[in-house]
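Under UniProt numbering, the first residue of the sequence shown carries the number 1, and numbering increases by one thereafter.
Cβ atoms here follow ideal geometry from the backbone N, Cα and C, with glycine treated the same way.
These notes are about the structure you will find just below.
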Amino acid sequence: MSDLVQRFGLKTVLSVGGMCAVGVTAWIIYYFTDDSDDDEFKRHKTSRNVVIKVEVNKENIGMIIGRNGSNLKYIEKQTDTRINVDDENDENSTIRTLTIRGSSDSVQNAESLVYSQINNQPVIEVKEIFIPTSAVGRVIGKVGTSIKEIIKKSNAKVEVDSNRTDSVRSETTKVTIRGTVEQISTAVELINKKVEEYQEVKAK
């Protein structure tokens, strides 16, 4: 048991043994807390595999899953594990739970990779800029083609304010951009280019 405590860094170890009879599997349940995140995990270990439940902040779950589950599949492939995202039973909860199955080493590698990706993800910032309201149509484009192109090229989220409540049409319109510093910079550059194109056409 001391070897297990040393290996897994467990703070509290509870052992639950089944009946000592043929065909009965003994389960050992480990509870431990990761000092870096103060998240509790429950480990169920059998003679064949290990199951770990890892709690992840809801804001990070999209990044862990990836587009069409691509990142989750990558983690599974790299660590030879199976990972499921538990159903969201409470919409108000800020936590989502990952269930990781595999060998002892595999699930630990998957767990480490999950937290590594969370800790190394770029910082997302928000920037607001104001553009001439008359140029909004040029920035958005027909059926949104221009703004979709800006989003695709910059990888930033771009939202043009359409909820102005003032009765008189404002001369400027707010554009909110979310992303990394580099993504925001690229988006601003592309938006300014569209505004300049509009002004050049207007000046003719």
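For the beta strand (DSSP E) that T97 lies in, which residues bound it at each end? Annotation for T97: the continuous beta strand (DSSP E) segment containing it runs I95 to G102.
Helix, strand or coil for N192? Go by DSSP, reduced to three states. Of the three classes helix, strand and coil, the one that applies to N192 here is helix, per DSSP.
In angstroms with no decimal places, state the Cα-to-Cα distance between G137 and K77. For the pair G137 and K77, the Cα-to-Cα distance works out to about 45 Å.
Taking three-plus beta-carbon pairs below 8 Å as touching, is the segment 50-60 in contact with the segment 86-103? yes
By Cβ distance, which residues of its chain are closer than 7 Å to I65, with the 5 residues on each side in sequence left out? N71, L72 and V85
6 Å Cβ shell around V50 - same chain, five flanking residues per side excluded: S104 and V107
Within a Cβ cutoff of 6 Å, which residues of the same chain sit near S134, ignoring the five residues on either side of it in sequence? none
Going by DSSP, what residue range makes up the alpha helix (DSSP H) through V136? Counting along the chain, the alpha helix (DSSP H) containing V136 begins and ends at V136 to I140.
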